[in-house]
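Only one structure is covered here, and it is reproduced in the block below.
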Amino acid sequence: MSTAAGEVVLEARGLRKHYGPVVAAAGMDLEIRRGEVMALVGDNGAGKSTLVKMLSGAIRPDAGEIVHRGRAIQLHGPHDARERGIETTYQDLALAPNRDVIANLYLGREIVRGGLLKPLGILDRREMTRRATDQLSRLGVRLPALTGTPVGRMSGGQQQGVAVARAASWATDVLFMDEPTAALGVRQSEAVLQVARRIAQSGVGVVLITHIMPHVMEVADRVVVLRHGRKVADMTAAELRQDRLIALMAGYEEGEAA
Ligand SMILES: Nc1ncnc2c1ncn2[C@@H]1O[C@H](COP(=O)(O)OP(=O)(O)OP(=O)(O)O)[C@@H](O)[C@H]1O
Ligand SMILES: [Mg+2]
């Protein structure tokens with residue numbers, strides 16, 4: 001498998017999505033590169049989550065193309081994306097609240113057939129716990145208990161930690177993080193941003209949706225701005241000025257000039 005940094009690993013070409021009269025995505029283009037943290041920003045309702053859901057198989061685009069490793073693909077569900085090494089932490093967490101951390105980290109993997117993940121089907125719980133403990137400490141995610149405590153009884157930040165660790169553990173190509181720090185305190189946010197950075201360094205393309213501009217400035221290599229279902233800017237961190245970014249998100253005319 002090629003993991004050359006900078007290689008475009010996943011692409012959106014003209015993706016469209018309508019909800020009745022609402023145009024959530026009006027023909028979106030996006031190139032996700034290995035080794036890069038991309039911040040995906042825009043006002044509420046700009047279409048960020050819609051774009052990520054299309055690229056991670058959660059919803060079907062009405063039109064347009066998804067290209068993975070240079071080939072046009074169809075994603076029939078999140079499992080299709082996951083089998084391709086495309087992982088997502090959703091804005092609404094999608095954890096199993098009644099199960100413990102270990103169960104959540106491996107949720108659904110027991111039944112995945114074939115490919116890279118097949119050998120994990122025969123892992124015993126002890127081995128899962130061992131690996132999970134390693135992975136969580138490598139990612140800097142701290143949790144009160146890995147076994148025996150339902151994650152539904154943990155704090156919002158701890159649950160977010162589980163969701164991020166789960167996605168990060170399995171992503172080989174792309175990791176989408178939809179507002180992973182929205183509910184977190186300073187320390188936990190910092191840990192999540194570091195996870196994003198480490199995962200990118202391992203050759204994964206990381207896409208971080210956030211409304212928190214200091215987080216964008218801190219972690220992003222590239223910033224893409226969406227507004228009204230369209231991409232209105234795509235720039236490197238070096239080109240980024242916070243005032244211009246805010247103008248683009250809000251849609252001030254002078255911000256659109258360049
Ligand atoms: N399931 C749905 N049914 C109807 N309309 C939807 C649905 N999901 C999204 N929309 C609409 O599509 C538009 C884009 O929504 P989306 O969730 O992609 O925005 P967002 O950029 O993620 O916003 P936020 O920052 O608030 O999370 C919004 O106008 C939203 O109301
Ligand atoms: Mg959203």
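Read in UniProt numbering, the sequence shown has 182 at position 182, and its numbers run on one by one without any break. Every residue gets a Cβ at the ideal spot worked out from N, C-alpha and C, and that includes glycine. Computed from a predicted model, the values in this text were never measured in an experiment.
Chain-order list of residues whose beta-carbon lies under 7 angstroms from that of residue i (same chain, five-residue window excluded)
i              : result
residue 290    : Nothing can be reported for residue 290: it is not among the residues displayed for the chain, which extend from 1 to 258.
glycine 115    : Here the model assigns glycine 115 a pLDDT of 48, short of 50, so the residue's position is not dependable, and the following value carries that caveat. Answer for glycine 115: Glu83, listed in chain order.
alanine 200    : Gly35, Glu36, Val37 and Val206
valine 29      : Checking the sequence, you will find aspartate at residue 29 rather than valine. Contacts found: Ala12, Arg13, Gly14 and Lys231.
proline 150    : Pro97, Asn98, Arg99 and Asp100
glycine 148    : Asp100
leucine 95     : Asn104, Val151, Gln159, Val162 and Ala163
arginine 126   : none
residue 262    : It is not possible to answer for residue 262, since the shown part of the chain is limited to 1 through 258.
alanine 70     : It should be noted that the sequence gives glycine, not alanine, for residue 70. The answer is none, since no qualifying residue turns up.
isoleucine 111 : Only weak support exists for where isoleucine 111 lies, its pLDDT of 38 falling under 50; the value from the coordinates is given anyway. Excluding residues within five positions, none has a Cβ falling inside 7 angstroms.
isoleucine 246 : none
Cβ neighbours of residue i in the same chain (closer than 6 angstroms, five flanking residues each side left out)
i             : result
glutamine 135 : Ser169
valine 67     : Glu11
valine 232    : Val225 and Leu248
aspartate 234 : Val224
arginine 33   : Gly6, Val8 and Gly205
alanine 238   : none
arginine 227  : Gly42, Ala46 and Gly251
arginine 113  : Annotation note: pLDDT 40 at arginine 113 (below 50); position unreliable, coordinate value reported separately. Closer than 6 angstroms at the Cβ level, and outside the excluded window around arginine 113, lies no residue.
threonine 172 : Gly85
glycine 77    : Gly57
glutamate 31  : Val8 and Glu11
lysine 48     : Leu40, Gly42, Ile209 and Leu226
Any non-hydrogen atom of ligand 1 within 6 angstroms of residue i CB
i             : result
methionine 90 : It is tyrosine, not methionine, that sits at residue 90 in the sequence shown. False, no ligand heavy atom lies under 6 angstroms from that Cβ.
glycine 45    : yes
tyrosine 106  : no
valine 22     : yes
tyrosine 252  : no
Contact test: residue i Cβ vs ligand 2 heavy atom, cutoff 6 angstroms
i         : result
lysine 48 : yes
Cutoff 8 angstroms; reference residue i; Cβ partners in own chain excluding five residues on either side
i             : result
leucine 143   : Val101, Leu136, Met154, Gln158, Gly161 and Val162
leucine 146   : Asp100, Val101, Ile102, Thr129, Ala132, Thr133 and Leu136
glycine 140   : Ala191, Gln194 and Val195
glutamate 179 : Gln91, Ile209, Thr210 and His211
alanine 72    : Glu65 and Ile66
histidine 215 : Ala39, Thr181, Ser189, Leu193 and Leu208
threonine 50  : Lys17, Ala24, Ala25, Ile59 and Gly229
C-beta atoms of residue i and residue j nearer than 7 angstroms
i              : j             : result
aspartate 62   : arginine 99   : no
methionine 177 : threonine 89  : yes
leucine 175    : glutamate 87  : yes
alanine 26     : arginine 230  : yes
methionine 213 : glutamine 188 : no
C-beta neighbour in chain D for residue i, strict 7 angstroms
i            : result
arginine 138 : Absent from the structure: chain D. Only one protein chain is present.
Under 8 angstroms: do the region 70-85 and the region 125-140 share three or more Cβ pairs, one atom per stretch? no
Taking contact to mean at least 3 C-beta pairs separated by less than 8 angstroms, is the region 35-49 in contact with the region 204-222? yes
Validate contact between the region 39-59 and the region 95-104 using beta carbons, cut 8 angstroms, 3 pairs: Taking one beta carbon from each stretch, the region 39-59 and the region 95-104 have fewer than 3 pairs nearer than 8 angstroms; the two do not touch.
Across the region 184-200 and the region 157-165, are there enough close Cβ pairs to call them in contact, namely three or more that are closer than 8 angstroms? These segments touch.
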